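Below is one structure, written out as structure tokens, with a few remarks after it.
2 protein chains.
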Amino acid sequence: MTKTKKFLLTDEQTPKQWYNIVADMPNKPLPPLNPKTKKPITKEEMSVLFAEELIDQEMSTERFIDIPEQVQDLYKIWRSTPLVRAYALEKALDTPAKIYYKNESVSPAGSHKPNTAIPQAYYNYKQGVKHLTTETGGGQWGSAIALASQFFGLDLKVYMVKVSYNQKPYRKLMMNAWGADVIPSPSTTTQAGLHALAQDPECSGSLGLAISEAVEVALKDPSTTKYCLGSVLNHVLLHQTIIGEEACMQMEMAGDEPDIVIGCFGGGSNFAGIGFPFLKKNFTEGKNIRVIAVEPSSCPKLTRGIFQYDFGDTEGFTPLLPMYTLGHDFQPADIHAGGLRYHGAGSIVSQLLKDGLIEAQSVPQLETFAAGLTFAKTEGIIPAPESTHAIAVAVREALKAKEEGKEKTILFNLSGHGMIDLFAYEQYFAGKLQNYDLPDEVIRKSIDKLDKIIK
Amino acid sequence: MTKTKKFLLTDEQTPKQWYNIVADMPNKPLPPLNPKTKKPITKEEMSVLFAEELIDQEMSTERFIDIPEQVQDLYKIWRSTPLVRAYALEKALDTPAKIYYKNESVSPAGSHKPNTAIPQAYYNYKQGVKHLTTETGGGQWGSAIALASQFFGLDLKVYMVKVSYNQKPYRKLMMNAWGADVIPSPSTTTQAGLHALAQDPECSGSLGLAISEAVEVALKDPSTTKYCLGSVLNHVLLHQTIIGEEACMQMEMAGDEPDIVIGCFGGGSNFAGIGFPFLKKNFTEGKNIRVIAVEPSSCPKLTRGIFQYDFGDTEGFTPLLPMYTLGHDFQPADIHAGGLRYHGAGSIVSQLLKDGLIEAQSVPQLETFAAGLTFAKTEGIIPAPESTHAIAVAVREALKAKEEGKEKTILFNLSGHGMIDLFAYEQYFAGKLQNYDLPDEVIRKSIDKLDKIIK
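Protein sequences appear in the order of chains C and V. Numbering-wise (this note's numbering), the first sequence opens with residue 111 and increments by one. Numbering-wise (this note's numbering), the second sequence opens with residue 111 and increments by one.
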């Protein structure tokens with residue numbers, strides 16, 4: 111008799127509500143501020159950029175929020191996603207730890223991003239919005255919102271960070287196949303882009319800058335055009351909790367409970383998705399599950415940034431958000447994990463970290479690729495460069511368990527596959543990838559600049 | 111209450127045996143012949159190229175063959191694959207037909223090919239083989255056997271048809287990531303390759319020629335090296351029946367039964383995989399399910415070829431197989447469905463067609479891409495160019511049902527996703543793709559040549 115490896119839910123079992131962690135947080139996240147008045151931003155002010163129901167979710171303190179039926183129907187295309195016991199990885203590491211992963215790579219866009227893209231497109235469509243603008247780093251978000259916009263007949267313009275635009279032509283084509291217009295950022299189509307190019311014509315872009323461009327375009331015609339974001343904001347994290355809500359049920363099916371839950375960390379969406387429903391167990395069932403966010407050591411806002419109000423974008427168009435940040439014009443190194451090249455963390459995650467309710471670790475690029483290949487060779491799935499960060503810490507913790515001779519149950523989120531990122535692996539094989547030292551003074555300089563701008 | 115869309119089996123429910131259709135065929139397939147003696151090829155002769163247990167399966171008349179536990183364990187990485195009710199596609203076509211698809215694109219290599227790659231690598235490993243050689247067209251088979259070889263520590267050399275090698279660099283990189291050596295065919299590493307290049311230095315290759323190269327290399331050291339094939343042969347088709355065995359159970363879960371089952375057709379493996387278990391119902395339960403093979407109109411061996419003994423490869427290294435064929439040196443047009451550019455059909459499928467137990471249709475390239483995009487826009491999954499052929503006939507049959515005002519249940523196999531084939535879609539959008547006329551005289555010429563060679 112072979113061992114059960116994979117746990118799935120039927121369409122009927124799949125959760126029908128998202129989990130809003132704000133309801134259970136001992137200290138609620140600080141509100142976003144209007145940069146001019148420094149007062150909490152109002153619903154009216156936000157409605158220039160976002161659909162009404164998304165703003166309600168952004169500000170909600172309800173514990174559970176119903177998933178609309180049309181969204182449930184579209185989730186069924188690929189959800190539930192498998193929870194898998196990684197026997198082969200465990201064996202390769204010769205660890206007493208049990209390792210599970212939640213496989214979000216099985217979505218049509220290849221990552222967890224459609225979990226929020228679909229409700230975002232839905233609520234905008236419902237409100238009569240015709241055009242959406244957004245940014246994308248590695249292209250995971252851009253392809254997800256292209257897919258979702260297609261379902262609801264919305265026109266979409268995507269500003270794609272230039273370094274990824276060049277590294278990942280297939281991602282661009284995927285967005286085109288789903289009908290989106292894709293523009294490399296910085297571009298000459300916006301003031302923000304022109305400004306960045308004037309300062310550095312070779313600028314490879316950043317998520318923060320691409321956000322500036324997308325927001326600028328949306329603001330030109332707020333009556334028919336809205337902006338949407340693939341991470342950071344509360345409503346985005348909310349939608350991703352479908353991951354962890356499923357995983358909680360699936361771990362029960364497996365007759366197990368994780369001691370450690372791990373997600374890679376860019377703006378916080380896949381981390382929140384896998385982590386928050388397990389934090390709920392800490393809050394409400396007195397459990398003591400460690401929940402770890404993993405960031406690249408070249409973009410270490412959680413482990414080396416400071417907690418303060420900062421802009422979400424490079425140019426300062428967004429509201430001020432309370433966040434762990436490296437400064438909004440911090441320019442991260444050109445690592446292949448494009449989705450993790452973001453200067454700040456969402457306000458909920460930042461508050462949780464400040465309160466010691468979650469942990470953070472950073473991992474250098476070469477360690478992440480080594481872990482990713484170990485995973486590809488044992489479990490058979492080539493992971494996205496972003497996801498290799500979560501794998502790397504799963505490997506660290508599994509080896510620590512071995513050293514300590516302890517049984518431990520580890521769960522990580524495989525946020526996406528790497529089929530569109532194979533050139534990164536080619537460069538790794540060729541020895542062309544590197545780690546990036548990030549001296550304290552570089553971070554200090556970027557943060558000091560911040561203090562002068564934001565009083 | 112939203113509608114159930116997706117049907118899955120648990121690890122425990124997933125079938126533990128493959129179905130061998132030979133046991134139920136009214137006329138058994140003719141045996142492969144030794145090209146020199148014209149006598150049925152012996153097990154000993156085949157063992158130069160293939161592992162013993164694979165040859166046993168090739169010749170078996172047992173109805174069911176147990177799936178080894180190690181193979182079952184690896185299947186669990188992605189199996190069972192979802193059976194999905196395509197509500198959105200039905201709605202877009204405004205058809206009374208119910209359309210289901212079996213989603214084989216969820217495997218780590220993105221297609222159905224690992225279903226046979228894993229047992230093939232397993233049996234070779236078990237026998238102590240160290241090196242494998244093979245060919246690949248679109249790259250689906252090559253990446254699948256790379257994955258499988260990696261699991262069992264086998265060294266692998268893949269001859270990849272040059273047109274695909276150039277069109278699909280990511281497929282090559284995927285094979286590299288799983289440790290395989292990939293060589294564009296025709297190459298200068300074999301006599302067969304040199305011969306083809308001498309005749310036409312610009313030759314874009316074909317599956318038949320790549321087979322010649324891979325077989326030539328394997329024959330150099332049969333004690334440690336074996337050849338393996340991703341389609342055509344009986345044991346390959348056998349392994350793929352896991353698809354249809356699952357689908358039969360899943361259609362029952364859906365409370366439905368197909369009137370029509372559709373698979374695209376290159377050498378026959380995904381077609382057999384979805385189709386044979388439903389033919390079993392025709393044979394043993396008196397059902398009358400139509401099973402349709404779909405080929406490109408530019409490579410129409412089933413609809414315009416002849417039934418006779420022919421070589422499996424271009425150079426004439428393989429045994430003679432009874433097949434519907436266009437002649438073994440037929441050079442198909444450079445369509446994007448690389449996996450369907452093969453001159454012949456496997457002997458089981460050929461016998462079934464000859465006996466009127468299955469049907470065949472051919473579809474021109476532009477119709478397949480149009481159908482593929484309709485599917486991508488409605489069901490959200492970008493299909494492989496090969497798979498769009500099955501979709502095109504599902505669309506034809508659904509529209510026919512509408513015309514006739516008939517309820518019909520259609521099931522097709524989505525053999526793979528198109529994430530690695532996005533350049534094909536880009537060319538389609540740009541109006542650069544075409545249909546290919548294939549005059550009767552071209553086919554006749556190729557077949558006439560055949561008659562001179564094979565008496």
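All C-beta atoms, glycine included, are put in the ideal place defined by N, C-alpha and C. Source: prediction; values computed, not measured.
Tell me which same chain residues have a C-beta within less than 6 Å of the C-beta of Gly526(C), skipping the five on either side of it?
-> Closer than 6 Å at Cβ, skipping near neighbours: Ser215, Gly220, Ser221, Gln250, Ala494 and Ser497.
Step through the CB atoms of chain C and report whether any lies within less than 7 Å of the CB of Pro294(V).
-> Not one chain C Cβ lies under 7 Å of Pro294(V).
Delimiting residues of the alpha helix (DSSP H) encompassing Ser253(V) = Annotation: the continuous alpha helix (DSSP H) that includes Ser253(V) extends over Gln250 to Phe262.
In angstroms, rounded to a whole number, what distance separates the CA positions of Gln237(V) and Ser472(C)?
-> In this structure, the straight-line span from the alpha carbon of Gln237(V) to that of Ser472(C) is close to 45 Å.
Relative to the alpha-carbon of Gln123(V), which residue among Ala196(V), Asp134(V) and Thr191(V) has its alpha-carbon at the smallest distance?
-> With distances taken between CA atoms, Gln123(V) lies nearest to Thr191(V) out of Ala196(V), Asp134(V) and Thr191(V).
Which residue from Gly456(V), Ala504(V), Ser322(V) and Phe417(V) puts its Cα closest to that of Glu477(V)?
-> The shortest C-alpha separation from Glu477(V) is found at Ala504(V).
How would you label Lys115(V), buried or exposed, when you count the other beta carbons within 10 angstroms and need 16 or more for buried?
-> Answer is buried; the Cβ neighbour count reaches 16.
Nearest to His446(C) (by Cα), restricted to the options Ile530(C), Ala470(C) and Val371(C) | Among Ile530(C), Ala470(C) and Val371(C), the Cα nearest to that of His446(C) belongs to Ile530(C).
Report the residue from Pro429(C), Phe393(C), Leu462(C) and Gly248(C) whose alpha carbon sits nearest the alpha carbon of Thr147(C).
-> The residue with the shortest Cα to Cα distance from Thr147(C) is Pro429(C).
Close beta carbons around Gly365(C), own chain, < 7 Å, minus the five adjacent residues each side | Answer for Gly365(C): no residue qualifies.
When burial is assigned at 16 or more other CB atoms within 10 Å of the CB, is Met158(V) buried or exposed?
-> One point to set straight first is that residue 158(V) is Val, not Met, in the sequence displayed. Counting the other Cβ atoms within 10 Å of the Cβ of Val158(V) gives fewer than 16, which makes it exposed.
Hey, quick one: how far does the alpha helix (DSSP H) through Val158(V) stretch, first residue to last?
-> Under the DSSP assignment, Val158(V) falls outside any alpha helix (DSSP H); it carries neither an H nor an E label.
Taking the alpha-carbon positions, what's the Pro294(V) to Leu319(V) distance?
-> One C-alpha to the other measures close to 11 Å.
Cα separation between Leu343(C) and Ala231(C)?
-> In a straight line, the C-alpha of Leu343(C) is about 15 Å away from that of Ala231(C).
Neighbourhood of Ala198(V) by C-beta distance below 7 Å, restricted to the same chain and skipping five residues each side = The answer, listed in chain order, is Thr488 and Glu489.
Which of helix, strand or coil does DSSP assign to Phe117(C)?
-> Strand.
Rounded straight-line distance, which links the Cα of Leu242(V) to that of Ala258(V) = Distance between the alpha carbons of Ala258(V) and Leu242(V): 11 Å.
Exposed unless 16 or more other CB atoms sit within 10 angstroms - verdict on Lys272(V) | Around the Cβ of Lys272(V), a 10 Å sphere holds 16 or more other Cβ atoms; the residue is buried.
If we ignore side chains and look at the alpha-carbon of each, how far apart do Lys390(C) and Lys516(C) end up?
-> The alpha-carbon atoms of Lys390(C) and Lys516(C) are separated by roughly 25 Å.
Listed from N- to C-terminal order along the chain, which residues in the segment 119–148 of chain V have their beta-carbon within a distance smaller than 8 Å of any beta-carbon of chain C?
-> Here the close residues are Thr120, Asp121 and Glu122.
Grouping DSSP H, G and I as helix and E and B as strand, with all else coil, what is Met111(V)?
-> For Met111(V), the predicted structure reports a pLDDT of 49, less than 50, and the residue's modelled location is therefore unreliable. A value from the coordinates is still provided. The answer is coil: DSSP assigns Met111(V) none of H, G, I, E or B.
Can you list the beta strand (DSSP E) stretches of 3 or more residues lying completely in the segment 177–207 of chain V, in chain order?
-> Runs found: 193–195.
Can Leu436(C) and Gly422(C) be called in contact, C-beta distance under 7 Å?
-> No, the Cβ-Cβ distance between Leu436(C) and Gly422(C) is not below 7 Å.
For Asn570(C) versus Leu348(C), is the C-beta distance shorter than 7 Å?
-> Nothing about residue 570(C) can be read from this structure; chain C reaches only from 111 to 565.
What does a CB cutoff of less than 8 Å around Thr394(C) pick up in its chain, not counting 5 residues either side in sequence?
-> Residues Asp134 of the same chain have their beta carbon placed closer than 8 Å to that of Thr394(C), with the five preceding and five following residues left out of the count.
Could you list which residues in chain V have their beta carbon closer than 8 Å to that of Val216(C), in chain order?
-> Taking a Cβ-Cβ threshold of 8 Å, the residues of chain V close to Val216(C) are Val216, in chain order.
State yes or no: is the C-beta of Val327(C) nearer than 6 Å to some heavy atom of the ligand FAD?
-> With respect to small molecules bound, the structure shown includes none, and the ligand FAD cannot be examined in it.
Is there a Cβ from chain V that is less than 7 Å from the Cβ of Glu536(C)?
-> Residue-level contact by beta carbon holds for Glu536(C) and chain V, with a gap shorter than 7 Å.
Just the Cα atoms here: how many angstroms apart are Val292(C) and Phe479(C)?
-> If you draw a straight line from the Cα of Val292(C) to the Cα of Phe479(C), it is about 28 Å long.
Spell out whether any CB of chain C is found under 7 Å from the CB atom of Gly252(V).
-> Gly252(V) does not count as touching chain C.
Exposed or buried, Arg554(C), counting other C-beta atoms within 10 Å across all chains shown (16 or more means buried)?
-> Arg554(C) comes out exposed.
His305(V), DSSP secondary structure in three states = It is helical.
So with Cβ pairs under 7 Å, would you call Tyr452(C) a contact of chain V?
-> Among the residues facing chain V, Tyr452(C) is not included, as its CB has no counterpart in that chain under 7 Å away.
Would you say Ala161(C) and Asn234(C) are within 7 Å of each other, going by their C-beta atoms?
-> Cβ atoms of Ala161(C) and Asn234(C): closer than 7 Å.
What does Glu489(V) touch in chain C if you count any residue whose Cβ is under 9 Å from its own?
-> Neighbours of Glu489(V) across chain C, judged by C-beta separation under 9 Å: Ile187 and Pro218.
Can you list, in chain order, the residues of its chain whose CB lies under 8 Å from that of Glu356(V), leaving out five sequence neighbours each side?
-> Taken in chain order, the residues that qualify are Leu119, Thr124, Pro125, Arg189, Ser190, Thr191, Leu193 and Lys212.
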